[in-house]
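Asks: Take 359 as the starting number for the sequence shown in the numbering used here and just add one per residue. For each residue, glycine too, the CB sits at the ideal point set by N, CA and C. Handing you a structure now.
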Amino acid sequence: MSNVKATTSATFEQDVLQADGPVLVDFWAAWCGPCRMVAPVLDEIQSENPEKITILKLNVDENPDLAAKYQITSIPAMKVFKDGEVASTIIGAKPKFALEQDLAPYLA
359 MSNVKATTSA
369 TFEQDVLQAD
379 GPVLVDFWAA
389 WCGPCRMVAP
399 VLDEIQSENP
409 EKITILKLNV
419 DENPDLAAKY
429 QITSIPAMKV
439 FKDGEVASTI
449 IGAKPKFALE
459 QDLAPYLA
């Protein structure tokens, strides 16, 4: 079962913007093949770093307001939020080592 929880328009403020520590939001959709490929990698990173980063999924089809607000034009797109602000953006499915390199400042 997935270690990564979902967030929605209704819970985004509390889950992401008011969170303590960095939060990676995976903007995805059920029909997106690369999104399905990156999901187990994010599960692994979350289970290996539960105290360092929180990883949440946001379905862009179910939450188009947030997809528009954060200018999601292609998926998978991942944004790391820190103190309520976007700290970094990762576009596209990547292997685990590449994602860990992108997330290194938050996993240290």
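Which residue marks the beginning of the alpha helix (DSSP H) containing V399, and which one marks its end?
Replies: One-based indexing of the sequence shown puts residue 399 at position 41. Residues G391 to E406.
Asks: If you check the beta carbons only, do V438 and P380 fall under 8 Å apart?
Replies: As a working note, residue 438 is residue 80 in the sequence shown. As a working note, residue 380 is residue 22 in the sequence shown. The answer is yes: Cβ separation under 8 Å.
Asks: According to the neighbour-count rule (16 or more other Cβ atoms, all chains shown, within 10 Å of its Cβ), is F455 buried or exposed?
Replies: If you number the sequence shown from 1, residue 455 lands on position 97. F455 should be labelled exposed.
Asks: Go ahead and pull the three-state DSSP assignment for D373.
Replies: Locating residue 373 in the sequence shown gives position 15, counting from the first residue. Helix.
Asks: If you reduce the DSSP assignment to three classes, tell me which class E409 lands in.
Replies: By 1-based counting over the sequence shown, the position of residue 409 is 51. The answer is coil: DSSP assigns E409 none of H, G, I, E or B.
Asks: Is the region 418-425 close to the region 394-402, with three or more CB pairs under 8 Å?
Replies: Short answer: they don't touch.
Asks: Consult DSSP for A462 and reduce its assignment to one of helix, strand or coil.
Replies: Indexing the sequence shown from 1 puts residue 462 at position 104. Note: A462 maps to helix in three-state DSSP.
Asks: DSSP state of A456, grouped into three classes?
Replies: Numbered from its first residue, the sequence shown carries residue 456 at position 98. Three-state DSSP puts A456 in a helix.
Asks: Please report the distance separating the alpha-carbon of V418 from that of T447.
Replies: Position 60 of the sequence shown, counted from the start, is the residue given in the question as residue 418. Position 89 of the sequence shown, counted from the start, is the residue given in the question as residue 447. The alpha-carbon atoms of V418 and T447 are separated by roughly 16 Å.
Asks: Is the beta carbon of L539 less than 8 Å from the beta carbon of V374?
Replies: There is no way to answer for residue 539, as the model of the chain reaches only from 359 to 466.
Asks: On the three-state DSSP scale, how would you describe A426?
Replies: By one-based count along the sequence shown, residue 426 stands at place 68. In the structure shown, A426 sits in a helix (DSSP, three-state: H, G or I).
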